[in-house]
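Chemist: Please see the structure below; I have some questions.
In the working numbering, the protein residues as written are 2 to 647.
This is the structure in structure tokens:
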């Protein structure tokens, strides 16, 4: 990037060059003797569009030196021949009755040579004089009439050009010549008006140049060079000097944009660009500077965003957020900003994970890893049962809003027999089913649960040895908490039982219906539920079940055997009910609404959430809850864990 000193020098040189040229032009016109020029001896263009007058070494289509200086830096103008061709009108030629006599032909030949040599009008040997003599000698000569028409067209074009570049003296001389031609009154009137306008705007142009030299390019609004040049354009829309002056004004404003760019001040640069765009929209110099600013903006913003990524990788979320904001202010359309904002949000809420992402934590002191954990998105929901619907118990009310603004991850399924066995084997923990003796299992003959002092966490729902992929049952609340504490020790992360609001929020998966799959019997396999089509090994069937539903299991099924809910969690409302952190309360009156657990010191009864393989349809609704003593070991109750992300 150029230094401030270089930019200042460039601005000074560029602005001074334009101002000097404009000032020299105006001084030349108004005060020629200051430049040691005698107006009476100054080189003058001949009244032609082709050749120069004798003694001048100028190409046939050159613009006069005096006019070019007055116009400031050169403008692209059409050549004389092009102007003539475009302005030519159809000549009103007479009907020739006889051939031109030799004397007339001689005059026409001399006139054509004079026109080609640039001697258009002004003396006896000019094209205008000779064509007029020929037409007088033979009034029906079409060549003579056409010749005079061509002379007039050339003079009109020449005067137009002189006025366009501000050469009032040359325009006046040639206007005098135009007055001598027949049928030129209309053109003379129009060009005279234009010349009068030029005379009126010349002091205004001088003032504009002076204001530009004083640094008053566009400010103050009513006393700037821009204001003066705009006034000139209202009087003379085609004035070349005013147009060139406006270009110089825009250049000065664009220099302010470059100065802001040198300081990485994109606010000032953008402001100056907007001001320059209003002066002369879409100009090439406007496009060039805009591209420089945009390129630097992209480069600068990308560099700041890279620093934000580094801060995020280092765990400095505050600095990462600040840098991202700076990058966004520099370039709101910077590629990668949206993605980074998502990463920052995920880092803030989910420790860098993404909602729906599945991960496992490795053990830090032994081989192994945690159960597969799924990141649950933060959000709000209505917890509990609605008051205006039947089929809900009072302990599910009042319905109330809960906001979970801290990210957490939940085990994708209930903890399995194999996972709990790993815990017992490596920790030496003695589960309550062993320490206290016995558990509750299903009696196939009576169709009811009963206590069996021989049953333990290693058994299935009927007391047989359980497969490793079945959810562990016959687990007390203390057993479940001990497992979560052990995971925290092994991984160095915070594992715990889910609290009640987390469980219901995760169970619903963003739905508001009675069940996460809808309001009635599922139309496809969703959970291990009590279906009217299910049968026990002895042929028993459920008396209160989902009519027409059959999942093929009487008792727990292997975990993740059925569909997941909208959040991606399995067996969340079927298979086995699950322990949560909260102490049991008879209703939600005075319950927390921030997603925290509702605990009372020394409580013995805890909440169980979610349906099981033996729950009736009313016990499977998303709001259903029950309380039981924390020492209970049941063939219908298991658990899953939550991992905190903050």
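Every residue gets a Cβ at the ideal spot worked out from N, C-alpha and C, and that includes glycine.
What would DSSP say about residue 515, mapped onto helix, strand or coil?
Modeler: Reduced to three states, the DSSP call for residue 515 is coil.
Chemist: Please list, in chain order, all residues of the same chain as residue 16 whose beta carbon is under 6 Å from its beta carbon, the five residues on each side excluded.
Modeler: In this prediction, residue 16 has a pLDDT of 45, which is less than 50 and means its spatial position is unreliable; what the coordinates show is noted afterwards. Result list for residue 16: 253, in chain order.
Chemist: Please confirm if the region 190-199 is in contact with the region 166-178, defined as three or more CB-CB distances below 8 Å between the two stretches.
Modeler: Touching, per the Cβ criterion.
Chemist: Taking just the CA atoms, how far does residue 143 sit from residue 97?
Modeler: Going by the C-alpha atoms only, they are around 6 Å apart.
Chemist: My output table needs one value for residue 640: the three-state DSSP class, helix, strand or coil.
Modeler: Note: residue 640 maps to coil in three-state DSSP.
Chemist: Can you tell me the Cβ-Cβ gap for residue 599 and residue 638, rounded? I've got them flagged as a contact below 8 Å.
Modeler: So it is not a contact: roughly 20 Å between Cβ atoms.
Chemist: Is residue 377 near residue 417, with beta carbons less than 9 Å apart?
Modeler: No; because the gap between Cβ atoms is not below 9 Å, this pair is not in contact.
Chemist: Name the one or two DSSP bridge partners that residue 584 has.
Modeler: Its beta-bridge partners are 607.
Chemist: Keeping to the same chain, check which residues put their C-beta closer than 8 Å to that of residue 1; ignore five residues upstream and five downstream.
Modeler: Examination of residue 1 is not possible in this model, given that the chain is present from 2 through 647 alone.
Chemist: Is it right to say residue 287 is buried, meaning 16 or more other beta carbons lie within 10 angstroms of its own, or is it exposed?
Modeler: Buried, since its Cβ has 16 or more Cβ neighbours within 10 Å.
Chemist: Can you give me the Cβ contacts of residue 385 inside the same chain, cut-off strictly under 7 Å, excluding the 5 residues immediately before and after it?
Modeler: Closer than 7 Å at Cβ, skipping near neighbours: 397, 398, 399, 400, 401, 589, 624.
Chemist: Which whole-angstrom value is the C-beta distance of residue 645 and residue 495, which I expect to be below 8 Å?
Modeler: Yes, they are in contact, since the Cβ atoms of residue 645 and residue 495 sit about 4 Å apart, within 8 Å.
Chemist: Mind listing, in chain order, the continuous alpha helix (DSSP H) runs of no fewer than 4 residues lying wholly within the region 383-451?
Modeler: The region 383-451 contains these whole alpha helix (DSSP H) runs: 418-428.
Chemist: Please name the residue in 184, 203, 151, 178 whose C-alpha comes closest to that of residue 166.
Modeler: Measuring from the Cα of residue 166, the nearest candidate turns out to be 203.
Chemist: Please list the terminal residues of the continuous alpha helix (DSSP H) segment that includes residue 367.
Modeler: That residue, residue 367, is in no alpha helix (DSSP H); it is neither H nor E in DSSP.
Chemist: Can you find the residues in the same chain that come closer than 6 Å, C-beta to C-beta, to residue 189, ignoring five residues on each side of it along the sequence?
Modeler: Cβ within range, chain order: 179, 180.
Chemist: So residue 628 is in the beta strand (DSSP E); what residue range does that whole segment cover?
Modeler: Per DSSP, residue 628 belongs to the beta strand (DSSP E) from 626-630.
Chemist: So what does residue 547 bridge to, in DSSP terms?
Modeler: Note: residue 547 sits in a beta bridge opposite 532.
Chemist: Would residue 216 and residue 380 be called neighbours here (beta carbons separated by less than 9 Å)?
Modeler: Against a cut-off of 9 Å, the Cβ pair of residue 380 and residue 216 comes out as no contact.
Chemist: From residue 593 to residue 383, what does the alpha carbon distance come to, in whole angstroms?
Modeler: Distance between the alpha carbons of residue 593 and residue 383 is about 13 Å.
Chemist: Can you grab the Cα-Cα spacing for the pair residue 404 / residue 501, in whole Å?
Modeler: The alpha-carbon atoms of residue 404 and residue 501 are separated by roughly 13 Å.
Chemist: Does DSSP put residue 254 in a helix, a strand or coil?
Modeler: DSSP places residue 254 in helix when its eight states are reduced to three.
Chemist: In its own chain, which residues sit with a C-beta less than 6 Å from the C-beta of residue 424, not counting the 5 before and 5 after it?
Modeler: Result list for residue 424: 484, 487, in chain order.
Chemist: Would you kindly check if the distance between the Cβ of residue 492 and the Cβ of residue 303 is under 9 Å?
Modeler: For residue 303 and residue 492, no; Cβs fall outside 9 Å.
Chemist: Using DSSP's beta-bridge definition, name the partner residues of residue 497.
Modeler: Per DSSP, 643.
Chemist: In the DSSP output, which residue or residues are listed as bridge partners for residue 381?
Modeler: Answer is 404, bridged to residue 381.
Chemist: Give the DSSP-derived three-state secondary structure of residue 40 in the structure shown.
Modeler: With a pLDDT of 37 at residue 40, under the threshold of 50, the modelled position of that residue is not reliable, and the figure given next carries that caveat. Residue 40 falls in the coil class under three-state DSSP.
Chemist: Along the alpha helix (DSSP H) that carries residue 310, what are the first and last residues, could you check?
Modeler: Counting along the chain, the alpha helix (DSSP H) containing residue 310 begins and ends at 285-314.
Chemist: What first and last residue would you give for the alpha helix (DSSP H) that runs through residue 200?
Modeler: Per DSSP, residue 200 belongs to the alpha helix (DSSP H) from 186-214.
Chemist: Can you give me the Cβ contacts of residue 56 inside the same chain, cut-off strictly under 6 Å, excluding the 5 residues immediately before and after it?
Modeler: Residue placement at residue 56 is flagged as unreliable, the pLDDT there being 34, under the threshold of 50; a coordinate-derived value is accordingly withheld.
Chemist: Is the separation between the beta-carbon of residue 539 and that of residue 446 shorter than 9 Å?
Modeler: In this structure, residue 446 lies closer than 9 Å to residue 539 by Cβ.
Chemist: Nearest-angstrom Cα distance between residue 621 and residue 414?
Modeler: Cα to Cα, residue 621 sits roughly 17 Å from residue 414.
Chemist: For the structure I just gave you, are there three or more beta carbon pairs, one from the region 287-298 and one from the region 309-320, closer than 8 Å?
Modeler: Because the criterion of three Cβ pairs below 8 Å is not met, the region 287-298 and the region 309-320 do not touch.
Chemist: Tell me, please, which residues DSSP counts as bridged to residue 635.
Modeler: In the DSSP output, where bridge partners are listed per residue, residue 635 has 441.
Chemist: Whose CA, out of 209, 391, 187, lies closest to the CA of residue 247?
Modeler: Ranking 209, 391, 187 by Cα distance to residue 247 puts 209 first.
Chemist: Give the DSSP-derived three-state secondary structure of residue 96 in the structure shown.
Modeler: It is coil, neither helix nor strand.
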